[in-house]
Structure formats: structure tokens, C-alpha cells
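Structure, as C-alpha cells:
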Amino acid sequence: MFERGRFLASLMYLLSIVFTLLAGLVLSNPPLAFIFVIGQYISMAWYSITYIPFA
């Protein structure tokens, strides 16, 4: 989790969770929250790919 590629992916994932909650609950902006949800999926896919050797 603390290797360079994994650290960036996990940081992106955690930040997108925080921003999703912020956009949905505080700002009440569903389109922006949806964009951050897409960011969560992208960052989780990126994090998963880092476990594939030579990927």
C-alpha cells in the first residue's frame, strides 16, 4: 500500500471518497458526487492493477 504506485492510487481513492461525501452531503450537488463516484471506480481499478506483476 505504501509503494509509489499503490500509494498514489490509494490516496486518490480515499480523497475521492471524502469528496463524494462532501459533494453529496454538504454541497448537495448530485452530478459532482457522481463524478467523484466514477473517480472511486477508476482509482480502485488502478489500485487493483498495481498488484499484477509487470503491469
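Numbered according to our numbering, the sequence shown terminates at residue 58, and the numbering increases by one at each position without gaps. Note that beta-carbon positions come from the ideal geometry of N, C-alpha and C, so glycine has one too.
Straight-line gap, S31 to I41 (C-alpha atoms, nearest Å):
Taking the straight line joining both Cα atoms gives about 17 Å.
Does the beta-carbon of F39 have 16 or more other beta-carbons within 10 angstroms, so that it is buried, or is it exposed?
The residue in question, F39, is buried, as its Cβ has 16 or more Cβ neighbours within 10 Å.
Which residue's Cα is closest to the Cα of L18: P34, I45, P33 and I52?
The residue with the shortest Cα to Cα distance from L18 is I45.
Jot down the residue ranges of each uninterrupted alpha helix (DSSP H) in the region 31-57, minimum 4 residues, whole runs only, in chain order.
Complete alpha helix (DSSP H) runs here, min 4: 33-52.
Using beta-carbon positions only, say whether Y16 and Y50 come within less than 8 Å of one another.
Yes, Cβ-Cβ distance for Y16 and Y50 is below 8 Å.
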